[in-house]
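Presented below is the structure to which this report refers.
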Amino acid sequence: MRIRFWLWVPLALFAFFAGLAAYMLTQEKEQFVASTMIGQPLPDFALPPAFGALPGASKADFTGGKPRLLNIWASWCLPCIAEAPQLDALKAQGVEIVGIAIRDRPEDVANFLSRYGNPYSRIGSDTISEVQLAIGSSGVPETFVIDAKGLIRYQHIGDIRADDVPKLLAELEKAR
Amino acid sequence: MKAKHQRLILVIIALIAIVGAGLLAAWGLRNQANYFYLPEQMVSAPPAVGQAVRLGGMVQKGSITTAADGVTVNFMVTGNTADAVPVRYSGILPDLFVEGSGVVAEGSLGPDGVFKATNLLAKHDENYVPRELEGMGTEQAAKMAADTTVGLK
Amino acid sequence: MIAEIGLAALWLAAALAVLQMVSGAFALRSPPGQVNALAIYARPAAVVQAILAVLAFAMLLWAFATTDLSLKLVAANSHSMKPLIYKLSGTWGNHEGSMLLWVGVLAASGGLLSLFEWRLPERTMGATLAVQGFVALGFYAFLLLSSNPFERLPVPAAEGNGLNPLLQDIGLAIHPPTLYAGYVGLSVAFSLAMGALMTREVNPAFARVMRPWVLGAWVLLTLGITAGSYWAYYELGWGGWWFWDPVENASLMPWLAATALMHSVAVLAARDALRTWTIMLGVLAFSMSMLGTFLVRSGVLTSVHAFAVDPERGAFILGLLGLYIGGAFTIFALRAGAVAEGKRFAAVSREGALVLNNVMLSAILAIVLLGTLYPLLTEAFDVRVSVGPPYFNPASAIFAIPMLLVMAVGPLLRWKSDKPARLQFELALIAALVIGGIAAVSFFGQFPLLPLLGLGLAAALAVAAFLPLRGRQLGRVPVATWGMVIAHFGIAVSLFGMACEGAFSKERLAAVAPGGTEQIADFAVTLESVTPIAGPNWTAIEAQLAVREDGGAPVILTPQARTFWSPPQSTSESALLTRWDGQLYAVIGNQAEDGRWQIRVWWKPFVTFIWYGGILVALGGVLAIAGRVRVDVKRRRASVKGARRRADVEALGSSGGVPAPQPAE
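Chains as they are written, first to last, in the numbering used here: chain A, 27 to 202; chain B, 1045 to 1197; chain C, 146 to 810.
Below you can see the structure in the form of structure tokens.
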């Protein structure tokens, strides 16, 4: 009988591990680094155009009466392809979207926009992630809601899914 | 009877070793695991001098100075409060290590209150990373990413 | 079209796995000695399934070779401008492709098993194939339902997203498939163990069937870990060769379990002892490879970029893990009591030494497992920790040292029971070498304790490895025994390399202006120039280091700091100067404001022995397989009654207690 008892020990240990792992899987992981810049004004920046057809972006572009979206993206980033239709939808709702292309090359940017559509009013080229780090973004894609006074109001981390669009519209409304 | 006796000895040795391994692991993990500190935690409740810990925060603007030997850097790490911890590191800096960027320093607190880092991990910024990678340098994160992508190592 | 063929092959293979599982299970319902009419489909199903799964993998390989950008997987992981070899290695350099490779190898080994293995009783074979089919089915489901490698993009991509530059390396092209094959070999051992447990046929005949699979898996794991360690050493530019990170531990744990299993299978094959324990280890070894998969894939401990991690996948693997390992442990608990006790032996005997080795290996396994899982446990309580060398090194050494001592003595002991007095000379020699080695080294300076012990042990082990050959005619020593001697010697060589690296490494970190010279060990390192250069998909700054040994002719080393642009990433390319007695390891860092460059140089004496030792260990394993297979083939030829009949006789022989003649182990 004594031996029979020992035979169950491995199963018990394994069950403990499986339970713990299952619990950890259900836990929301804080995998994203929230910006500490929310509620603060945009840092000063002026970026050159990312490719020929659109102007570059600077802090001055975020003044004048209406909130805008600031979209951090790159042509080499796959999730950015996934969010392209949502950005188009936002543009169709009358939202002005300013893009910052991270570590990108003009020909790649042009290629990306001709393929997946161009929702941007202007795109700055941030070749060394300088502005990206300054506004507290740690990855691509990220989207910020900037109000009419140039204050950062909201940060969306990751690609914009279809069900994120109403949330962003609401945040834009709040920032008005 | 003799054989049974001998078998019992082996079983007992095995049990002692396995239970010993468990206890040793428990003891070792309590003492040797590297705890993670934020600057404000390190100021309010510092770890023992010499204990290996990790310090995570932001590199304070304007605080990076390079010593005359060209390989030692001093800088301050800040967190959510005004508290700042001075850090000294000798070695090759990760390439994403700039002022204002996130950093995790591995090392220990010296008696003079300076955190001596043995390894610096700058934030891997090109893609989103889960929190284990959040603090790592490009190379380490890339390595882990590589390993995990390749797989079932 | 290619992708659709691959997908169809995968679905068909999954269907055949169901057939193999059901048909194999029917074999259990037939009385011993008879063949159930429904059980005959298991073998052909396994063979055809192997062909289909390999076909599916070949299709994906083709898609990568031609850079078919309409496939999501290719677009995400490849690039049209990559060299062909890295396009091909990109096939398994990602989650979906590596899982496909995994099932491909799994199915192929199932096919080989059913084609060539005729020694086991049909019932056991049926049960084994049923388990194998069950395992394969889970992975097919995983691939088809949550990680389809053949998924098409709605719009083909213009250009691929590139392969991780760190993976553009020839070592990495070979390393993962080696490890997979090793894991899969363990899955065959698992299936065999479960089959034998269900039919209560845990006997030497079963052990002899299982042994080549365990040995093969172990050889591949050894090579995989060795290659992985060398890769991390030269590619990461940190100068270390083992970092105890969860991904490395995930490959070490199955190796530890497989090492224990290999030795306990030897005892079972030769002496019919350790029956339950061998089954237990068979389950454990496969559990560890599944656990590694789970930890790496699920993101609970580490993970790729978060967008690639799908919590659903983690849950899926955890589900599979629960199903297979939970199920196996349950069957083990229910059935193991019914497995008759094996032969008994004295504590001082070859079996006793092997038991001790098994216990120590299990203890190290427990140490590594607990250390790897500890952050998971504390995170449940919101405490973030990382566990590193300060824990792993001493904790595992506490058990590794007695294990290595037993390893030196064990092969000299006789089976069943022995007297220590018989081995007076050998014991004295080993003790003298350990103590002498430590004393000799400490004479030259102060060194950390662990490397010091390692040096003493390495000296003793290197000599002790050859002691089993003492007094024997070398020409008549079985090949398998040579395998053991070489593998044990390889451990000594590897240990020597680790200890030297730990005790004698020298490091120099300095900011050097062009033309400046730094001295390290016997080498004068001069920074001649720093130049920007460009590769096919990267740019770099390259340092020209002229290295003069004792004032001799200069050798040029060119460490680089590379920047890749697709995806953007930086890597540090170390430059190595290999001498027979060590390696000079150089890395270039940033430029300081005053124009000097940071240079980091290590002199690592005998560091290469770590990997030479690993190769020797694997070579020993290969010899052991060759020796066993040769003995098997000879036996088969000698037996005119045919392989199947012989298996039956052996099965009868062992349960009836008539020992069949055994070759010397």
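Beta carbons are placed, not taken as given, at the ideal position from N, Cα and C, and that holds for glycine.
Where residue i meets chain C, residues with beta-carbon distance less than 8 Å
| i | result |
| --- | --- |
| A:M50 | V445, L521, E524 and A525 |
| A:L116 | Those do not exist, as A:L116 stays about 20 Å from chain C at its closest Cβ, beyond 8 Å. |
is_contact[residue i, chain B] using C-beta, thresh 8 Å
| i | result |
| --- | --- |
| C:F121 | Nothing in the structure corresponds to residue 121 of chain C, since chain C is present only between 146 and 810. |
| C:A809 | Unreliable placement is indicated for C:A809, whose pLDDT of 43 sits below 50; no coordinate value is reported for it. |
| C:G464 | no |
| C:Q705 | no |
| C:E738 | yes |
| C:S223 | no |
| C:Q743 | yes |
Any C-beta of chain A under 8 Å from that of residue i
| i | result |
| --- | --- |
| C:F751 | no |
| C:I470 | yes |
| C:A481 | yes |
| C:G680 | no |
| C:A478 | yes |
Environment of residue i [buried if 16+ CB atoms lie within 10 Å]
| i | result |
| --- | --- |
| A:F31 | exposed |
| B:I1056 | exposed |
| C:S448 | Annotation note: pLDDT 33 at C:S448 (below 50); position unreliable, no value reported. |
| A:W99 | buried |
| B:K1105 | exposed |
| C:S639 | buried |
| C:I755 | buried |
| C:S332 | buried |
| C:G340 | buried |
| A:Q57 | Residue placement at A:Q57 is poorly supported in this model, since its pLDDT is 45, which falls under 50; the coordinates are not used for a value here. |
Proximal residues of chain A, C-beta to C-beta of residue i below 7 Å
| i | result |
| --- | --- |
| C:A460 | L51 |
| C:T475 | L37 |
Whether residue i touches residue j by CB criterion (8 Å)
| i | j | result |
| --- | --- | --- |
| C:A769 | C:L360 | yes |
| C:I636 | C:W748 | no |
| C:T438 | C:I470 | no |
| C:A706 | C:I686 | yes |
| C:F544 | B:A1065 | yes |
| A:L73 | A:I126 | yes |
| B:F1119 | B:R1098 | no |
| C:A395 | C:F388 | no |
| C:P677 | C:L690 | no |
| C:T753 | C:T708 | no |
| C:M166 | C:L282 | yes |
| C:I424 | C:A338 | yes |
Min CB distance residue i to chain C below 8 Å
| i | result |
| --- | --- |
| B:Q1076 | yes |
| A:F43 | yes |
| B:Y1133 | no |
| A:F40 | yes |
| B:G1159 | For the record, residue 1159 of chain B in the displayed sequence is Phe; it is not Gly. So no, B:F1159 is outside the interface. |
| B:G1066 | yes |
| A:L95 | no |
| B:F1119 | no |
| A:L33 | yes |
| B:G1114 | yes |
| B:L1073 | yes |
| B:A1058 | yes |
Listed by chain order, chain C residues near residue i by CB distance under 7 Å
| i | result |
| --- | --- |
| A:P145 | By Cβ distance, chain C contributes nothing, its closest Cβ being about 17 Å from A:P145, past 7 Å. |
Closer than 9 Å at the beta carbon, the chain A residues around residue i
| i | result |
| --- | --- |
| C:L518 | F43, L46 and A47 |
Closer than 8 Å at the beta carbon, the chain B residues around residue i
| i | result |
| --- | --- |
| C:M505 | A1061 |
Proximal residues of chain A, C-beta to C-beta of residue i below 8 Å
| i | result |
| --- | --- |
| C:M425 | P36 |
| C:G467 | A44 |
Closer than 8 Å to chain E by CB, residue i
| i | result |
| --- | --- |
| A:L113 | Of the chains in the structure shown, none is chain E; the protein chains are A, B and C. |
Interface residues of chain C facing residue i [CB-CB closer than 9 Å]
| i | result |
| --- | --- |
| B:T1110 | A656, A737, E738 and D739 |
Contacts that residue i makes with chain B (C-beta to C-beta distance below 7 Å)
| i | result |
| --- | --- |
| C:A540 | L1068, A1069 and G1072 |
Any non-hydrogen atom of the ligand NAP closer than 7 Å to residue i Cβ
| i | result |
| --- | --- |
| C:W748 | Among the ligands in the structure shown, none appear at all, so the ligand NAP cannot be discussed. |
- Message: Tell me whether the region 355-369 of chain C and the region 287-294 of chain C touch, counting them as touching only if at least three CB pairs, one residue from each stretch, are closer than 8 Å.
- Response: no
- Check whether the region 1118-1137 of chain B touches the region 1082-1092 of chain B, counting contact only when three or more Cβ pairs, one atom from each stretch, lie closer than 8 Å. yes
- Task: Answer yes if the region 596-609 of chain C comes into contact with the region 617-637 of chain C, meaning at least three C-beta pairs across the two stretches below 8 Å, and no otherwise.
- Result: yes
- Three or more C-beta pairs below 8 Å linking the region 173-182 of chain A and the region 131-148 of chain A: no
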